[in-house]
Structure formats: C-alpha cells, structure tokens
Amino acid sequence: MNSAAYQAERKNQTRVGYYRGGQLFSRWVRTSDKKLVANKTGKRPGTIIIDTKARRLYYTLPNNKALSYGIGVGRPGYTWAGYHRVSMKKEWPSWTPPASMLKRQPNLPRFMKGGPKNPLGARALYLGSSIYRIHGTNNHASIGHAVSSGCIRMHNNDVKDLYKKVNVGTPVYVR
C-alpha cells in the first residue's frame, strides 16, 4: 500500500494517519482552538479583531468578554492591516485563485468547488471588496503559522462557530 489515510476524532483534535513507504505514521492535529477570554481590545461587542502577530482572532462579547481563536496569517510579505466589514458569508465556498497567486504557483487549479479538499474550508467571511477572507482550511497544521497569501485561516470547527455569530456588516479590524 503506497498511500492511505484515516482519521479518528477526539475533543478538538483529529488523528491523521498515512502510509509512506509501507510504514504507518500518525499524529494528532488540533481542530479547534477556541477560548473565552477577557476583552482587552476596547472594541464593542460584535466586533472581530485580528491580531496577526499573536495569530489570534477575537470576537467581542458583552460583559467585557471575547472569544479567542487560533489563526493562520499571511506569510512574510503578505500580511496586511486595516479595517473592513464582512461583506458576504459562504458555506463551503468555491475557490478561484487570484491571478497573482497563479503567477507564483502556476500548477494550482483555476477553480475548485467547495468541499473538504478545498483550501477555503467549511466557511468563508468575505472582507469588504478585497480579495481577503476569514476562512476555514483543509490544512489544520497551518493554524498558528504565517503561511497564507493574506487571508486569515481558522480551524473548520472554529470558523463554523464564528460564522453562526457574525452578520454581514460586522466590523473587522486587522492589526
């Protein structure tokens, strides 16, 4: 058997196994990194704050609380800061890589319909009229790292949770 994969579930983790050269390898990968924390952002409830240096996304709640989620951010040269509002929400979004990404990675597909193999994962929150999104991922190990082309990646379980809480028009601060 050259390659095969299996998954086992436990709280906030998935066990991913694979065969390489006839030998079985496996590891646990986090599938959620949500925490309830004090709101130290100074922003009103219902706001998203993305701290790219800390690699955390905060969703502010009443009573000076916030939900904190682990995120993957833009790799060096692809990080950005600013203000947007959520302009659109999609479940299992399709993906069309922008021309700049295709130029860097010409072997990418030109289009990928939504689903578990899609790099945008289970949900996407579109930010203003920009090409940036807060979205899930098909690569849980990328969370906590600077790996994207500027989008904010979340564990699929976490982006599903956030997706239920936010509306179009939700303010998003990226710093």
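The opening residue of the sequence shown carries number 0 in numbering that gives the first Met the number 0; numbering runs sequentially from there. From the three backbone atoms N, C-alpha and C, an ideal C-beta is built for every residue, glycine too.
{"Query": "Range covered by the beta strand (DSSP E) that runs through Asp160", "Result": "Element bounds for Asp160: not the beta strand (DSSP E) but the alpha helix (DSSP H), Asn155 to Lys164."}
{"Query": "According to DSSP, residues forming a beta bridge with His139", "Result": "In the DSSP output, where bridge partners are listed per residue, His139 has none listed."}
{"Query": "Beta-carbon proximity check, Gly127 vs Ser86, cutoff 9 Å", "Result": "yes"}
{"Query": "Separation of Gly20 from Leu119, as counted between CA atoms", "Result": "30 Å"}
{"Query": "Endpoints, the beta strand (DSSP E) within which Met87 is located", "Result": "Gly81 to Glu90"}
{"Query": "For Thr193, the nearest candidate out of Leu161, Val171, Lys163 and Asn155 (CA to CA)", "Result": "Here the chain covers residues 0 to 174 and nothing more, so residue 193 does not appear."}
{"Query": "Run of the alpha helix (DSSP H) containing Ser128, from where it starts to where it stops", "Result": "Unbroken run through Ser128: none, as it is neither H nor E."}
{"Query": "Same chain, Cβ closer than 7 Å to Met175, neighbours up to 5 away in sequence not counted", "Result": "Because the chain in this structure spans residues 0 to 174, residue 175 falls outside the shown range and cannot be described."}
{"Query": "Cβ neighbours of Ser67 in the same chain (closer than 6 Å, five flanking residues each side left out)", "Result": "Lys34, Val36, Arg55 and Tyr57"}
{"Query": "Distance, Gln22 Cα to Gly71 Cα", "Result": "30 Å"}
{"Query": "Nearest residue (CA-CA) to Thr46, options Ser129, Asp32 and Lys64", "Result": "Lys64"}
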